[in-house]
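One line per chain: the protein sequences are A and B, in this order.
Just so we're aligned, residue 1 is where the first sequence starts under our numbering, counting upward by one.
Just so we're aligned, residue 312 is where the second sequence starts under our numbering, counting upward by one.
Even for Gly, the Cβ is constructed at its ideal location relative to N, Cα and C.
Number of protein chains: 2
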Amino acid sequence: MANYVFGVDVGGTTVKLGLFDQSGTVIDKWEIPTRTENGGEKILPDISVAIKAKMAEKSITKEDVAGVGVGVPGPVDGNGIVHRAVNLGWAEIDLKKELTALLDGMRVEGGNDANVAALGEMWKGGGQGHKNLVAVTLGTGVGGGIIVNGEIMTGATGAGGEIGHIHVEDHETEACGCGNYGCLEEYASATGITRLANRALKASDKDSVLRKGEVSAKTVFDAVKAGDELAIEIAKQFGDYLGKGLGVIASIVNPEIFVIGGGVSKAGEVLFEYIKPSFEKTTFHGSRNAIFALATLGNDAGIYGAARMVL
Amino acid sequence: MANYVFGVDVGGTTVKLGLFDQSGTVIDKWEIPTRTENGGEKILPDISVAIKAKMAEKSITKEDVAGVGVGVPGPVDGNGIVHRAVNLGWAEIDLKKELTALLDGMRVEGGNDANVAALGEMWKGGGQGHKNLVAVTLGTGVGGGIIVNGEIMTGATGAGGEIGHIHVEDHETEACGCGNYGCLEEYASATGITRLANRALKASDKDSVLRKGEVSAKTVFDAVKAGDELAIEIAKQFGDYLGKGLGVIASIVNPEIFVIGGGVSKAGEVLFEYIKPSFEKTTFHGSRNAIFALATLGNDAGIYGAARMVL
Numbered sequence: 001m002a003n004y005v006f007g008v009d010v011g012g013t014t015v016k017l018g019l020f021d022q023s024g025t026v027i028d029k030w031e032i033p034t035r036t037e038n039g040g041e042k043i044l045p046d047i048s049v050a051i052k053a054k055m056a057e058k059s060i061t062k063e064d065v066a067g068v069g070v071g072v073p074g075p076v077d078g079n080g081i082v083h084r085a086v087n088l089g090w091a092e093i094d095l096k097k098e099l100t101a102l103l104d105g106m107r108v109e110g111g112n113d114a115n116v117a118a119l120g121e122m123w124k125g126g127g128q129g130h131k132n133l134v135a136v137t138l139g140t141g142v143g144g145g146i147i148v149n150g151e152i153m154t155g156a157t158g159a160g161g162e163i164g165h166i167h168v169e170d171h172e173t174e175a176c177g178c179g180n181y182g183c184l185e186e187y188a189s190a191t192g193i194t195r196l197a198n199r200a201l202k203a204s205d206k207d208s209v210l211r212k213g214e215v216s217a218k219t220v221f222d223a224v225k226a227g228d229e230l231a232i233e234i235a236k237q238f239g240d241y242l243g244k245g246l247g248v249i250a251s252i253v254n255p256e257i258f259v260i261g262g263g264v265s266k267a268g269e270v271l272f273e274y275i276k277p278s279f280e281k282t283t284f285h286g287s288r289n290a291i292f293a294l295a296t297l298g299n300d301a302g303i304y305g306a307a308r309m310v311l
Numbered sequence: 312m313a314n315y316v317f318g319v320d321v322g323g324t325t326v327k328l329g330l331f332d333q334s335g336t337v338i339d340k341w342e343i344p345t346r347t348e349n350g351g352e353k354i355l356p357d358i359s360v361a362i363k364a365k366m367a368e369k370s371i372t373k374e375d376v377a378g379v380g381v382g383v384p385g386p387v388d389g390n391g392i393v394h395r396a397v398n399l400g401w402a403e404i405d406l407k408k409e410l411t412a413l414l415d416g417m418r419v420e421g422g423n424d425a426n427v428a429a430l431g432e433m434w435k436g437g438g439q440g441h442k443n444l445v446a447v448t449l450g451t452g453v454g455g456g457i458i459v460n461g462e463i464m465t466g467a468t469g470a471g472g473e474i475g476h477i478h479v480e481d482h483e484t485e486a487c488g489c490g491n492y493g494c495l496e497e498y499a500s501a502t503g504i505t506r507l508a509n510r511a512l513k514a515s516d517k518d519s520v521l522r523k524g525e526v527s528a529k530t531v532f533d534a535v536k537a538g539d540e541l542a543i544e545i546a547k548q549f550g551d552y553l554g555k556g557l558g559v560i561a562s563i564v565n566p567e568i569f570v571i572g573g574g575v576s577k578a579g580e581v582l583f584e585y586i587k588p589s590f591e592k593t594t595f596h597g598s599r600n601a602i603f604a605l606a607t608l609g610n611d612a613g614i615y616g617a618a619r620m621v622l
């Protein structure tokens with residue numbers, strides 16, 4: 001009986017691994033370094049060695065394992081083929097086929113890490129009980145994963161759910177990392193909030209606690225909580241952009257819930273106060289009752305979602 | 312053997328019906344009036360009478376029919392429940408259950424008309440060969456249907472694919488029919504183009520053929536083809552908005568193809584010239600290779616898609 005499943009989340013510096021039972025209880029989790037040299041050729045062999053070692057340690061046979069799910073930082077199409085993962089050094093790789101071969105025929109499923117994390121939050125995190133969900137990760141960048149009827153919306157080439165790069169500002173003069181101008185990520189990521197803050201500090205004479213120390217997404221929202229006027233203005237700008245972006249997503253996808261995670265989400269539910277006004281103003285009425293929740297799995301969302309892909 | 316399927320497209324003034332074989336060849340098509348009085352209580356009985364009469368005429372038994380697909384102008388959830396269809400006078404109606412009962416237990420599937428038309432274009436129209444498709448209908452309003460992996464993206468409450476109401480302009484002063492400000496429909500529908508044209512005519516002194524006759528989406532694009540400078544400016548505005556809107560959709564959904572239909576699409580492929588520049592500028596690179604095609608089924612897309620829902 002296949003009682004176990006492995007969830008693997010491949011990041012640019014570490015690979016997170018989890019061993020789960022079929023109900024989604026984590027039995028063990030651990031990390032190995034990501035060796036990106038030589039086009040990342042060691043990554044999949046390292047993962048297979050780690051999994052086999054864990055199976056030996058726990059006396060788990062191949063027949064006990066339903067499969068191995070893997071999230072990677074790049075587009076993965078419906079056939080489990082990765083189309084370039086820059087942070088891993090990978091060009092096109094048939095993840096499913098190669099890792100299955102390394103694991104002596106064990107079943108492998110692959111997905112984009114942000115999409116996979118969305119699945120994790122649906123299964124065991126802030127989105128439990130919902131089958132139509134949009135996960136939004138506000139970290140260094142803005143990532144996203146869209147779940148439609150319980151399934152990841154992969155898109156034609158694995159680029160589905162790239163919500164950090166939806167266009168929300170026509171008059172931006174600085175380019176986004178992707179090369180476009182006016183992407184959501186330029187205003188709603190940790191770096192984006194810092195940028196908005198620095199702009200606001202320069203444009204205004206207003207006194208602010210932000211003038212006296214480090215300017216970051218964290219210090220901005222700490223200042224918001226302390227009632228700092230300029231910080232509140234910055235939070236409003238952030239919320240206008242993000243609410244507008246999520247409004248567009250809602251009008252297109254009609255989700256039940258948005259699950260907000262990533263470093264910025266540590267500010268907590270105060271974020272929703274700033275997102276909701278523009279969300280409500282710009283969202284089609286039929287989709288306006290989508291709810292907002294905080295992600296709860298943190299950095300483990302990836303291994304949970306990866307495991308869920310197999311079940 | 313179930314060799315036949317009915318496709319029904321319920322509009323505000325007429326109900327279109329089609330009898331198809333399993334391969335999608337239309338055997339017969341006809342229309343009946345939509346009787347919207349008394350909360351539209353006659354509509355489903357009228358449809359069942361029309362279907363039964365056609366079955367009698369063609370000596371088709373219940374066992375010969377795989378089912379009846381129905382598209383309606385309103386949100387329809389995954390259980391076939393219509394959540395208000397204003398043009399039909401309907402409040403909440405269990406379309407699937409009620410029509411099945413009227414048809415002596417025949418299988419019924421229901422969907423939103425724009426979504427169903429998208430399915431039709433995928434099956435037998437401009438989107439053949441593609442499983443990830445966005446259909447855009449530029450008519451009096453802007454409608455849309457999103458197909459993910461061959462299935463309609465219905466959304467949580469049946470409002471999926473409401474692309475006419477994505478927010479594309481922050482500074483609009485006139486409200487959209489939906490009550491919001493700055494919806495795509497305000498610029499890319501036939502009425503929207505007329506509005507852009509009237510604004511441009513008022514704001515400019517430039518001579519234009521549009522000053523001499525009726526101003527409509529058709530006359531604007533006729534003037535574009537004749538090289539009229541002001542009409543070209545209007546087309547550029549239209550294309551900027553629509554390209555930007557479709558760019559956002561592409562970044563979220565990552566489709567293979569956009570299929571453009573509706574009255575405005577009669578202008579032909581010249582539309583793409585005006586859409587593509589802003590589409591390419593605003594779309595995430597991973598989704599930028601989506602292609603554009605014209606819809607080919609016209610007003611029959613609905614009956615084709617409705618039939619396809621059953622197969």
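Within the region 89–107 of chain A, no residue places its CB atom closer than 7 Å to a CB of chain B.
Along the length of the region 392–452 of chain B, whole beta strand (DSSP E) runs at least 3 residues long occupy 392–396, 401–405, 419–423, 444–449, reported in chain order. Counting only residues of its own chain and dropping the five nearest sequence neighbours on each side, B/Ala508 has a CB closer than 7 Å to the CB of Leu521, Val526, Val531, Ile545. Within chain B, the residues His478, Asp481 have their CB atoms less than 9 Å from the CB of A/Lys244, given in chain order.
For the options A/Ser23, A/Pro33, A/Asn3, the alpha carbon positioned closest to that of A/Leu17 is the one of A/Pro33. In this structure B/Lys407 is in contact with B/Gly391, their Cβ atoms being roughly 3 Å apart against a cut-off of 8 Å. Checking the DSSP bridge columns, you'll see A/Glu151 partnered with A/Val148. Here B/Ile560 carries a helix assignment [DSSP, helix/strand/coil]. The distance from the Cβ of B/Glu497 to that of B/Arg506 is about 7 Å, consistent with a contact at the 8 Å cut-off. Only buried fits A/Val248, as 16 or more other CB atoms lie within 10 angstroms of its CB.
When DSSP states are grouped into helix, strand and coil, B/Gly572 belongs to the strand group. The Cβ atoms of A/Ala190 and A/Gly139 sit closer than 8 Å to each other.
In this structure the region 286–294 of chain A lies against the region 456–468 of chain B, because at least three pairs of beta carbons, one per stretch, are closer than 8 Å.
A distance below 7 Å between beta-carbons, with the five flanking residues on each side excluded, links B/Lys517 to the following residues of its chain, in chain order: Glu540, Leu541.
When CB distances to chain B are screened at a threshold of 7 Å, the residues of the region 55–84 of chain A falling below it are Pro75, in chain order. In this structure, A/Gly161 lies away from A/Asp170, with their beta-carbon atoms at least 8 Å apart.
B/Glu540 sits in a helix when the DSSP states are folded into three classes. Among the residues facing chain B, A/Ile163 is included, as its CB has a counterpart in that chain under 8 Å away. A/Lys54: member of the alpha helix (DSSP H) spanning 43–57, first to last residue. Put simply, of B/Ile371, B/Gly323, B/Met417 the residue whose alpha carbon is nearest the alpha carbon of B/Gly350 is B/Gly323. Interface annotation, B/Pro588: not in contact with chain A, CB-CB separation never under 8 Å.
Partner residues in a beta bridge of A/Pro255, as assigned by DSSP, do not exist. Here B/His596 carries a helix assignment [DSSP, helix/strand/coil].
In the structure shown, B/Asp551 falls within a helical segment according to DSSP collapsed to helix, strand and coil.
Under the 10 Å beta carbon count, B/Lys536 is surrounded by fewer than 16 other beta carbons and is classified as exposed. Among the bridge pairs identified by DSSP, B/Glu342 is matched with B/Lys327. In this structure, DSSP gives A/Leu201 a helical state, which the three-state scheme calls helix.
Close to A/Ala156, with beta-carbon spacing below 7 Å, are these residues of chain B in chain order: Asn443, Asn565, Pro566, Glu567. Of all alpha-carbon atoms in B/Lys353, B/Asn314, B/Asp388, B/Gln333, the one lying nearest the alpha-carbon of B/Ser370 is that of B/Asn314. Within the same chain, Gly350, Arg395 come within 8 Å of B/Ala402 by CB-CB distance, once the 5 residues on both sides are set aside. In this structure, A/Ile252 and B/Val564 form a Cβ contact; the two beta carbons are roughly 7 Å apart against a cut-off of 8 Å. Taking all protein chains in view, the Cβ of B/Gly438 is crowded by 16 or more other Cβ atoms within 10 Å, so the residue is classified as buried. In the DSSP annotation of this structure, the continuous segment of the beta strand (DSSP E) that includes B/Val381 starts and ends at 376–383.
When DSSP states are grouped into helix, strand and coil, A/Leu297 belongs to the coil group.
Exclusion of the five residues before and after A/Thr36 leaves Gly12, Ile43, Asn87, Leu88, Gly89 as the residues of its chain whose Cβ lies within less than 8 Å of its Cβ.
Inter-residue distance for B/Leu622 and B/Asn426 is about 16 Å (C-alpha atoms, whole angstroms).
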